[in-house]
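Novice: Got a structure for you, written out below as structure tokens; questions coming shortly.
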Amino acid sequence: MNPLAQQLNSAIQQESPAIYEMLSTLGKNLFYPKGILSQSAEASGKAHKFNATIGIATEDGAPMHFKHIQNRIDYAPKDVYPYAPPQGKPALRDAWLEKLYKDNPSMVGKSIGKPIVTNALTHGLSIVADLFMDEGDALVVPNHYWGNYNTVFGVRRGGKIVTFPLFADNTRFDTKGLRQALAAQTGKAIVLLNFPNNPTGYTPLEDEAKEIVAVLKEAAESGLNLVVVLDDAYFGLFYEDSITESLFGHLAGIHERILPVKIDGATKENYVWGLRVGFITYAAGKDTLHALEEKTKGIIRGTISSGAHISQTMILESLQSEEFAVEKEEKFAIMKGRAVKTKELLDSEKFNKHWTYYPFNSGYFMCLKLRTLDAETLRLHLLDNYGVGVISNNQTDIRVAFSCVEENDLEELFDLIYQGCEDLA
Ligand SMILES: Cc1ncc(COP(=O)(O)O)c(C=O)c1O
5 MNPLAQQLNS AIQQESPAIY EMLSTLGKNL FYPKGILSQS AEASGKAHKF NATIGIATED
65 GAPMHFKHIQ NRIDYAPKDV YPYAPPQGKP ALRDAWLEKL YKDNPSMVGK SIGKPIVTNA
125 LTHGLSIVAD LFMDEGDALV VPNHYWGNYN TVFGVRRGGK IVTFPLFADN TRFDTKGLRQ
185 ALAAQTGKAI VLLNFPNNPT GYTPLEDEAK EIVAVLKEAA ESGLNLVVVL DDAYFGLFYE
245 DSITESLFGH LAGIHERILP VKIDGATKEN YVWGLRVGFI TYAAGKDTLH ALEEKTKGII
305 RGTISSGAHI SQTMILESLQ SEEFAVEKEE KFAIMKGRAV KTKELLDSEK FNKHWTYYPF
365 NSGYFMCLKL RTLDAETLRL HLLDNYGVGV ISNNQTDIRV AFSCVEENDL EELFDLIYQG
425 CEDLA
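Using the working numbering, read the sequence shown as starting at 5 and increasing by one per residue.
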């Protein structure tokens with residue numbers, strides 16, 4: 005093992021032995037090499053005469069670039085063309101941390117690392133999988149989950165997906181189910197909680213959130229090491245009386261056997277899906293945070309090397325702009341309008357013949373639960389006969405993204421889905 009990796013491991017081992025045990029073999033081996041990037045970072049502060057360290061080209065004191073590209077963009081060449089550091093632009097990391105504290109008062113006063121920039125949330129999740137998942141380790145998730153977790157944790161890392169029911173009696177978060185799933189694990193588990201949830205659009209209520217935290221703490225107290233991943237992809241889109249904070253802050257520092265990891269980003273929150281800017285943030289002791297950051301930089305350097313610089317510049321300027329809060333509120337109102345309208349429509353008696361629906365109060369989606377029809381048959385029927393596209397999650401469930409249907413069109417959408425059911429019944 006590289007001595008730098010050894011140093012990081014012993015720092016973690018000394019401060020947080022349980023977190024050391026959570027690391028995968030790859031996670032233990034990872035470190036950030038003192039290579040070109042750290043020598044170049046050193047030179048950028050000190051090499052006043054000539055900086056001949058890094059593999060970019062310069063001209064007239066600026067990064068070399070094509071005019072036909074620069075003519076189409078409004079950012080300074082220095083904020084577009086050079087590599088961003090693997091951990092991300094420093095000012096963006098600071099701005100996101102500030103946003104996190106503002107949005108999540110429960111984080112204040114806790115020992116939390118600076119967000120590390122990722123190539124959006126999927127990349128952040130894959131970093132968690134690389135750092136903590138070995139073949140056969142369990143990923144504990146509610147039974148309604150984003151299907152790509154299978155690839156990130158299962159196919160790539162050989163993890164075993166363990167599910168528990170998201171809902172008890174189709175009304176409440178099933179904390180008993182979570183407790184039972186955890187009780188069946190030994191050694192270590194990665195628990196992945198995604199609120200607002202994809203596909204159901206559910207976020208727990210205050211009392212459910214408290215129970216979730218208590219159940220996790222109880223499992224840790226019984227000796228289980230838990231990496232608790234909060235996938236906050238749809239953060240902020242809370243339309244009813246759910247919690248409006250990430251569970252990350254509530255889990256930070258509650259038990260030495262719990263490592264909270266927050267995965268979030270601009271993708272869905274700020275409607276910039278293709279810009280690919282996300283963050284991974286840890287909560288642990290100071291030395292452990294440093295070591296985890298070095299390991300995270302190591303895996304970023306060894307996979308994508310660094311994220312796109314222009315995207316980071318765009319998000320940074322957006323966060324610093326006065327329009328940000330105003331437009332965020334405007335878009336929130338549109339999304340909430342669609343969610344409220346969806347619920348209003350779904351409460352119509354007639355739909356009851358073909359479906360019920362899962363509780364939803366947040367996010368982009370909601371799910372219908374078909375009474376008798378097969379979801380995939382209905383999906384194809386709607387596509388072929390009505391030009392309506394929905395997702396079939398399994399035999400009974402249809403996911404509807406109300407996020408991408410105008411409020412005025414929702415009635416027609418659900419009427420067509422109903423008509424499709426009538427055809428097939
Ligand atoms: C729950 C959840 N997490 C993560 C992601 C991935 O987001 P990104 O596009 O930022 O990689 C998605 C995207 O659909 C998602 O639904």
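Backbone N, C-alpha and C define an ideal beta-carbon position, used for all residues, glycine too.
Measuring alpha carbon to alpha carbon, tell me which of ARG375, GLN18 and HIS254 ends up nearest VAL232.
Specialist: Measuring from the Cα of VAL232, the nearest candidate turns out to be HIS254.
Novice: Can you list, in chain order, the residues of its chain with a C-beta nearer than 8 Å to that of THR271? Leave out the 5 residues immediately preceding and following it.
Specialist: ALA124, LEU125, ALA237, TRP277, LEU279, ARG280, VAL281 and GLY282, listed in sequence order.
Novice: For CYS425, write down the residues that DSSP places opposite it in a beta bridge.
Specialist: DSSP output for CYS425 lists no bridge partner at all.
Novice: Flag this pair as yes or no: are the beta carbons of ILE58 and SER44 separated by less than 7 Å?
Specialist: Yes.
Novice: How far does the beta strand (DSSP E) with MET370 in it extend, from its first residue to its last?
Specialist: Looking at the DSSP string, the run of the beta strand (DSSP E) that includes MET370 is 369-374.
Novice: Does any heavy atom of ligand 2 sit closer than 6 Å to the C-beta of GLY282?
Specialist: This structure lacks ligand 2; the ligands present are ligand 1.
Novice: With 16 other CB atoms within 10 Å as the buried threshold, where does LEU384 fall?
Specialist: The residue is exposed, with fewer than 16 neighbouring Cβ atoms inside 10 Å.
Novice: Verify the contact flag: ASN202, CB atom, against every heavy atom of ligand 1, threshold strictly below 6 Å.
Specialist: Yes, the Cβ of ASN202 comes within 6 Å of a heavy atom of ligand 1.
Novice: How many Å lie between PHE136 and GLU25 at the Cα?
Specialist: Between PHE136 and GLU25, the C-alpha separation is close to 9 Å.
Novice: Using DSSP bridges, identify the partner residues of ILE58.
Specialist: Answer by DSSP bridge pairing: none, since ILE58 is not bridged.
Novice: For THR360, which residues does DSSP report across the bridge?
Specialist: In DSSP, THR360 forms a bridge with LYS373.
Novice: Would you mind giving the Cβ-Cβ distance between VAL144 and ILE314, rounded to the nearest angstrom? I have them listed as a contact below 8 Å.
Specialist: Wrong, their Cβ atoms sit about 38 Å apart, outside the cutoff.
Novice: Residues in the same chain with beta-carbon distance under 6 Å from LYS301, minus the five sequence neighbours each way, listed in chain order, please.
Specialist: The residues are TYR36, PRO90 and GLN91.
Novice: Check this for me: beta carbons of ILE262 and ALA224, under 7 Å apart or not?
Specialist: Yes, they are a contact pair.
Novice: Can you tell me where the beta strand (DSSP E) holding PRO21 begins and where it ends?
Specialist: First-last for PRO21: 21-26, but that is the alpha helix (DSSP H), not the beta strand (DSSP E).
Novice: Using three-state DSSP, classify GLU249 as helix, strand or coil.
Specialist: In this structure, GLU249 counts as coil in the three-state DSSP scheme.
Novice: Restricting to Cα atoms, I'd like to know which of PRO119, SER115 and ILE73 is closest to THR292.
Specialist: Comparing Cα-Cα distances from THR292 to each of PRO119, SER115 and ILE73, the minimum goes to SER115.
Novice: May I ask whether a heavy atom of ligand 1 can be found less than 6 Å away from the beta carbon of THR271?
Specialist: Checking every heavy atom of ligand 1 against the Cβ of THR271, one is found closer than 6 Å.
Novice: Is it buried or exposed for GLY393, if we count other Cβ within 10 angstroms and need 16 for buried?
Specialist: Flag for GLY393 reads exposed.
Novice: By DSSP, does ASP401 sit in helix, in strand, or in coil?
Specialist: Strand.
Novice: According to DSSP, which residues form a beta bridge with THR292?
Specialist: In the DSSP output, where bridge partners are listed per residue, THR292 has none listed.
Novice: Are there three or more Cβ pairs, one per stretch, closer than 8 Å when the stretch 395-406 is compared with the stretch 369-380?
Specialist: Flag = yes, the stretch 395-406 and the stretch 369-380 touch.
Novice: Within 10 Å of its beta-carbon, does PHE54 have 16 or more other beta-carbons around it, so buried, or fewer, so exposed?
Specialist: Exposed is the call here.
Novice: Select from LYS347, LYS340, THR317 and ARG375 the residue whose C-alpha is nearest the C-alpha of PRO81.
Specialist: That would be THR317, whose Cα lies nearest to the Cα of PRO81.
Novice: Closest by CA to PHE157, which one among LYS340, LYS38 and ASP138?
Specialist: Cα-wise, what sits closest to PHE157 is ASP138.
Novice: Using the rule of at least 16 other Cβ atoms within 10 Å of the residue's Cβ for burial, across every protein chain shown, is THR175 buried or exposed?
Specialist: Under this definition THR175 is an exposed residue.
Novice: Using a 10 Å radius around the Cβ and a threshold of 16 neighbouring Cβ atoms, would you call LYS345 buried or exposed?
Specialist: Answer is buried; the Cβ neighbour count reaches 16.
Novice: To the nearest angstrom, report how far apart ALA15 and VAL219 are at their CA atoms.
Specialist: Taking the straight line joining both Cα atoms gives about 29 Å.
Novice: Along the beta strand (DSSP E) that carries PRO146, what are the first and last residues, could you check?
Specialist: Run containing PRO146: 142-146, per the beta strand (DSSP E) assignment.
Novice: Could you tell me the alpha carbon to alpha carbon distance between LYS164 and TYR105, rounded to whole angstroms?
Specialist: One C-alpha to the other measures close to 34 Å.
Novice: How should ASP235 be labelled, buried or exposed, when 16 other C-beta atoms within 10 angstroms of its C-beta is the threshold for buried?
Specialist: So ASP235 ends up on the buried side.
Novice: Output needed for TRP359: all residues of its chain with C-beta closer than 8 Å, excluding positions within five of it in sequence on either side, in chain order.
Specialist: Same-chain partners within the cutoff: LEU372, LYS373, LEU374, ARG375, ILE402 and CYS425.
Novice: Which parts of the stretch 109-173 are runs of the alpha helix (DSSP H), unbroken and 4 residues or longer, counting only runs that do not cross its ends?
Specialist: The stretch 109-173 contains these whole alpha helix (DSSP H) runs: 125-136.
Novice: Roughly how many angstroms separate the alpha carbons of GLN18 and LEU296, rounded to a whole number?
Specialist: Those two C-alpha atoms are separated by around 14 Å.
Novice: Put LYS93 into one of helix, strand or coil per three-state DSSP.
Specialist: Three-state result, LYS93: coil.
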